[in-house]
Amino acid sequence: MKNFVHLHLHSQYSLLDGTIQFAPLIARVRELGMPAVAVTDHGGMMGTIEFYEEALKGGVTPILGAEVYVAPGRREERRIAPTGEYAYHLILLAENETGYRNLMQLSSRAHTEGFYYKPRVDKELLRQYSEGLIATSACLQGEIPFTLATEGEGKALEVLEEYRSMFPDGRFYLEIQDNGIPEQGKMNPRLISLARATGTPLVATNDCHYLNRGDDRLQEILLCLQTGKTIKDPTRMRFESDQFYVKSRDEFESAFGHVAPDALDNTLAIAERCRVKIELGVTKFPEFALPPGVSSEAYLREQASKGLDRRLSDRKTRGDGMPREREDEYRRRLEFELSVIEKTGFSGYFLIVSDFIGYAKDRGIPVGPGRGSAAGSLVAYALRITEVDPIPYKLLFERFLNPERVSLPDIDCDFCKKRRDEVIAYVERKYGKENVAQLITFGTWKPRVAVRDVGRVLEMPYAEVDRIAKMIPPELNMTVENATKAEPRLKELIDENPRIAELFQYAKEIEGRSRHAGTHASAVVIANRPITEYCPLYRQTTGDITTQYSMKPIERIGLVKFDFLGLRTLTALHDTLRLLSEQRGVAIDLDNLPLDDAETYATLSRGDTAGVFQSESRGFTDLISRLKPDRFTHLIDMVALHRPGPLQSGMSDDFVERRHGRKKVAYVLPQLAEILSETYGVIVYQEQVMEIAKALAGFTLGEADVLRKAMGKKDDALMKQQRARFLEGARGNGIPEGKAQEIFDLIRQFGGYGFNKSHSAAYALVAYQTAYLKTHYPVEYCSALMTSESGDTAKIIRYIAYCRGRGIPILPPDVNESRYAFFPVGGSIRFGLSAVKGLGESAVEAILSAREERPFGSVRDFLSRADLRKVNKRAVESLVKSGALDSLDPDRGKIIVELPALLEEAQAEVRRRESGQFALFGAPAEEKAAARPRGPAAPPAHSWSRPERLAYEKEALGFYITGHPLDSWAAEIALYANTTTAKIAHLKPGTEVKIGGIITAMRERTTRKGEKMANLTLEDLDGTVDVTVFSRTFLECRDTLSSTEPVFLLGRVEAGEQAARVIAEEVFRMENVRDRLARSVHFQLLLDRLSDADVAELRRTILRHAGDKKGFLHLVRPGDYEAIIALPDGVGVAPSLELAHALRGRFGYDVLRLH
99 MKNFVHLHLH SQYSLLDGTI QFAPLIARVR ELGMPAVAVT DHGGMMGTIE FYEEALKGGV
159 TPILGAEVYV APGRREERRI APTGEYAYHL ILLAENETGY RNLMQLSSRA HTEGFYYKPR
219 VDKELLRQYS EGLIATSACL QGEIPFTLAT EGEGKALEVL EEYRSMFPDG RFYLEIQDNG
279 IPEQGKMNPR LISLARATGT PLVATNDCHY LNRGDDRLQE ILLCLQTGKT IKDPTRMRFE
339 SDQFYVKSRD EFESAFGHVA PDALDNTLAI AERCRVKIEL GVTKFPEFAL PPGVSSEAYL
399 REQASKGLDR RLSDRKTRGD GMPREREDEY RRRLEFELSV IEKTGFSGYF LIVSDFIGYA
459 KDRGIPVGPG RGSAAGSLVA YALRITEVDP IPYKLLFERF LNPERVSLPD IDCDFCKKRR
519 DEVIAYVERK YGKENVAQLI TFGTWKPRVA VRDVGRVLEM PYAEVDRIAK MIPPELNMTV
579 ENATKAEPRL KELIDENPRI AELFQYAKEI EGRSRHAGTH ASAVVIANRP ITEYCPLYRQ
639 TTGDITTQYS MKPIERIGLV KFDFLGLRTL TALHDTLRLL SEQRGVAIDL DNLPLDDAET
699 YATLSRGDTA GVFQSESRGF TDLISRLKPD RFTHLIDMVA LHRPGPLQSG MSDDFVERRH
759 GRKKVAYVLP QLAEILSETY GVIVYQEQVM EIAKALAGFT LGEADVLRKA MGKKDDALMK
819 QQRARFLEGA RGNGIPEGKA QEIFDLIRQF GGYGFNKSHS AAYALVAYQT AYLKTHYPVE
879 YCSALMTSES GDTAKIIRYI AYCRGRGIPI LPPDVNESRY AFFPVGGSIR FGLSAVKGLG
939 ESAVEAILSA REERPFGSVR DFLSRADLRK VNKRAVESLV KSGALDSLDP DRGKIIVELP
999 ALLEEAQAEV RRRESGQFAL FGAPAEEKAA ARPRGPAAPP AHSWSRPERL AYEKEALGFY
1059 ITGHPLDSWA AEIALYANTT TAKIAHLKPG TEVKIGGIIT AMRERTTRKG EKMANLTLED
1119 LDGTVDVTVF SRTFLECRDT LSSTEPVFLL GRVEAGEQAA RVIAEEVFRM ENVRDRLARS
1179 VHFQLLLDRL SDADVAELRR TILRHAGDKK GFLHLVRPGD YEAIIALPDG VGVAPSLELA
1239 HALRGRFGYD VLRLH
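Each residue of the sequence shown is one higher than the last, beginning at 99 in the numbering used here.
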């Protein structure tokens, strides 16, 4: 019996529309006995390589295609046709390699030239790139079916002939579909009639969007997620049938067998014609320009040798030279690495990376010291690719490039975030813009997000879905399926409640599917020819142009990606050095800082990690303050130890205990001491695993790297082979089998947690650099740090609090003092003008330019000299509110009232100046303003109150600078709060918290039950925290929540998706905190430290703080007993911070407790 081939099918790469994944598709096609299948995603080819490989693996012929959008006119025109269409649909299938290349060109140019709602080609492009392509007329949105429906047979015939001329030789087909849509059912006979009348071949398809009958509900959920609708919304986008699945030949026979059997047979004929072979696994290096007659191997050798000579010479110049035999070690290592690089054919790769990093460094673009395993390469160090000397830290080249298991090297490069694009632009100029592209990446559904998104579509109550989502363990690689096994409560809910069972059914279905496309944070492809010859391009919603193929497919087709990561920390470091040079004449070489600075290690040992690279988390701060580093290798260890594996296994704690001598360091065999002594006998690094395998079992370092990778993969069969190899090698070295077994188990246990030491060393160096500058130059460093993080309000609030806590005043912006960004002024930090909202870059430049002549002397002088076309009324209002004009007139309220008249005067002044009158009447602005007749009097000036002043300051800057609404409540907060917003992230979920603050943002929401709830932001003196107020609490506290006055909040910590948040249980005004929280006052007294004089003073102190709260004495003998005595009736207490301080001053410990 004849079969059938599906030629119109949408995979998950028809984002939020198609649901089909490739492995199940190929399995289903094989089950149906179909020899081939096409994938034709909307407007793109993103899944092409993945589909191609999966199909070949399953013994099915892959037909490569796309459903393109055809503009009604020229692709450059941004217009909608008179019929209401901005694009028609058309199916294109590649017959051969030429067709595949043309399809990539069409898809690329649709994105780069024709994007208007959708990526569109036009008929000019179709004619130019039609060779090797078969086209079919697509669905009801195809131009021919659409024209038949709207303009009739005559016009449709014209359109058909146009397409036939574009795709001659029988390469254009009229497409009929059996998808259950009534309009399609009416259209099919008309298409068949048109085909018969013109001799155009027919083809049957089903426009498949899901794999199996019954999967339509899943597709409806995806469409709801795409359009922001819910499943019960009658206006939502939906398909009119449930027939868009992969049907069998029999199902098509029943639909078309009696009227158009040729349409079924033609699917097989098309499949026979479509045979594309894609070259995979062959690396296509970009061509690096070399001197005439010089090979890349010889040139790399020359550059690396010269580079090493410079490195060694620089050390001598710094007084850090080394003996000749030590230099010989470096040269032997360099020779070994070069021989491996030459043998593996990667010389060009190193030259390319060295070139663009050299370009950046030569132009003052900050470059990181390295990242990843590349820091283990001496060649990379010699070429200035990295700044970490691998030899002193025992970093292994084989961890980076294994001569026994060759794979493309991967050198990740960090650049200053502000100037990263300059380096990419250089690469585009050098290799050709058409040969360079950034990489696409696809966001996929994680378990918690999947549950929340499906819950919203199914209209389940937010609070219920949120509670369920939080039951999913927040572990790496967690799945919805595994969550139901790991958390018994979830299984109970699913078994008991059909709605929750449906929620998890579809959350499981969408989990792991692609939900959106984005631009990879760092990866850039450089090819030896235009990218579009290998891969189609994609236009992101941001306007960025990227590849359509993601990382793995790009690697499979042989294109080479390079990583250009933008790192804000490098910007902050560079800006600090610039400030030091400009203001203090201090020149610092970051790459040659003394790595034994005691003050820097003291800073870190105190847990003072604010602003230190990758060290600010609670866990890192806690670990480093316990470890108390006093050498650089300790920082390298910290980077490796502060990860989930070592922390959860107790390995990090074990390391700390051994470091301080509280736990004995022991070795299974003496030979391990040389390898593990630096880490106190703990296997911290993958390199140590490799060294152990080499020392004890005779592995080469290349073989040891294979062992290291096997451990990471947790492949039992592979590990069994490696164990046998290790035991055999150990036996040959005379190691008893029992000891060898024990050591292998040890390295397997700890090796699973082992980290890449090369990466640790590189990032430890950046952490040290930030800590060093913060320790010795805190004002300059914090200025640069806040500038680099200026887009993150929460961080700026935290850093402002940090600076104030360390005696560094933060000054408001000032038109006479501020620069563009944060700037050190003596021992203070001045806000930059760019921080003022409503003040664009051109306005800041206009103010700075006007100020160059002389400082502004008054508000009138400022307005007359600033370019009011750039510094408009809104910008001036923001300057006033922020305090930037305080040095000209501190009465902000008065300026705002007078501003319309002042602006009118200034604008008149500008008009006179531009008309030439200024030359005739050259009096100063103030004199002329006084001489002119005044217009209507301004309303009476109103000086702002302190709360008004602060509120406007917050509005203009996003921060409170000259004070804080909570300043007057500091005593109450200190007495009654048990945490701050900055500490919330450090608390365990479920912890009860009491916080004082102000509500700076609130968004009310209505639940599915029609109840009100809210999400709000609470700010205190240390930062902000997100708060959720569910309906019961919202109703009880609604008036308080809408108040601008300080509040006190009681709640509990919840783990959020990005950061911890608080679930509010009670919110009340700060003025009521004493009555609400202090029900009784308790005095905890240690009997063994209590004298008669103490008792007498306690009595006098209590009487001085008389109030209405019941008091109790707690007489405690630690470890023995506690007696509680109520104060006599009539002796009440007024709790206060003064009382607490007085008691602590007398007794030397905290006595006061509030219940």
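We put the beta carbon where it would ideally sit given N, CA and C, even for glycine.
- Between the C-alpha atoms of leucine 309 and lysine 516 there is a straight-line separation of about 46 angstroms.
- Under the three-state reduction of DSSP output, phenylalanine 354 falls in the helix class.
- Secondary structure note for lysine 1110: its beta strand (DSSP E) is the uninterrupted segment 1110–1117.
- In the three-state reduction of the DSSP assignment, glutamate 1220 falls in the strand class, which pools E and B.
- Within the model, the alpha-carbon separation for isoleucine 147 versus glycine 405 is close to 41 angstroms.
- The beta-carbon separation of leucine 493 and serine 856, rounded to 5 angstroms, stays under the 8 angstroms limit for a contact.
- Rounded to whole angstroms, the separation of the alpha carbons of valine 1193 and threonine 1089 is 36 angstroms.
- Excluding sequence positions up to five before and after threonine 1060, its CB lies within less than 8 angstroms of the CB of Pro910, Gly981, Arg1047, Leu1048 and Glu1051, all in the same chain and listed in chain order.
- Take glutamate 585, set aside five residues on each side of it, and the residues of its chain with a beta-carbon closer than 6 angstroms to its own are Met569, in chain order.
- Taking every protein chain shown into account, the CB of alanine 815 has fewer than 16 other CB atoms within 10 angstroms, so this residue is exposed.
- Per DSSP, histidine 1203 lies in no beta strand (DSSP E) and is assigned neither H nor E.
- Runs of beta strand (DSSP E) with 3 or more residues, each lying fully within the region 591–630, are found at 612–624, listed in chain order.
- For tyrosine 214, the pairing in a beta bridge is given by DSSP as Lys216.
- Straight through space, the alpha carbons of arginine 990 and valine 978 are spaced by roughly 6 angstroms.
- In the DSSP assignment, proline 922 forms a beta bridge with Ile927.
- Leucine 107 has its alpha-carbon roughly 22 angstroms from the corresponding atom of lysine 284.
- Taking all protein chains in view, the Cβ of threonine 248 is surrounded by fewer than 16 other Cβ atoms within 10 Å, so the residue is classified as exposed.
- Distances from the alpha-carbon of isoleucine 1161 to those of Leu1185, Ser1129, Glu318 and Phe1181 put Ser1129 closest.
- For valine 658 against leucine 481, the beta-carbon gap comes to about 17 angstroms, at or over 8 angstroms, which does not count as contact.
- Following the DSSP letters along the chain, one finds glutamate 1164 inside the beta strand (DSSP E) bounded by residues 1159–1167.
- Distance check between proline 1144 and each of Glu1164, Pro1063 and Ala1176 places Pro1063 closest, using alpha-carbon atoms only.
- Taking the C-beta atoms as reference points, alanine 236 is found nearer than 7 angstroms to leucine 188.
- The shortest CA-to-CA distance from serine 403 to any of Lys375, Leu436 and Glu129 is the one to Leu436.
- As DSSP reads the structure, isoleucine 643 sits in a beta bridge with Arg637.
- Beta-bridge annotation (DSSP): alanine 121 is not paired with any residue.
- With respect to the 7 angstroms criterion, leucine 398 and leucine 432 are not classified as neighbours on the basis of their beta carbons.
- Here DSSP, grouped into helix, strand and coil, assigns proline 160 to strand.
- The three-state reading of DSSP puts histidine 140 in strand, counting E and B together.
- In the DSSP annotation of this structure, histidine 1084 is not part of any beta strand (DSSP E), being labelled neither H nor E.
- The C-beta distance from threonine 1115 to threonine 1098 rounds to 5 angstroms, short enough to fall under 8 angstroms.
- Comparing alpha-carbon positions, the option among Val578, Ala862 and Val219 lying closest to isoleucine 734 turns out to be Ala862.
- Cβ atoms of valine 1171 and glutamate 1236 stay farther apart than 8 angstroms, at about 16 angstroms.
- The DSSP assignment places complete alpha helix (DSSP H) segments of no fewer than 4 residues inside the region 660–747 at 666–682, 696–703, 716–725, 730–739 and 742–747, in order along the chain.
- Closest option to threonine 640, judged by alpha-carbon separation, among Ser205, Leu1133, Phe213 and Asp510: Phe213.
- For cysteine 372, no beta strand (DSSP E) run applies, since DSSP gives it neither H nor E.
- Distance between threonine 1122 and alanine 882, taken at the CA atoms: about 22 angstroms.
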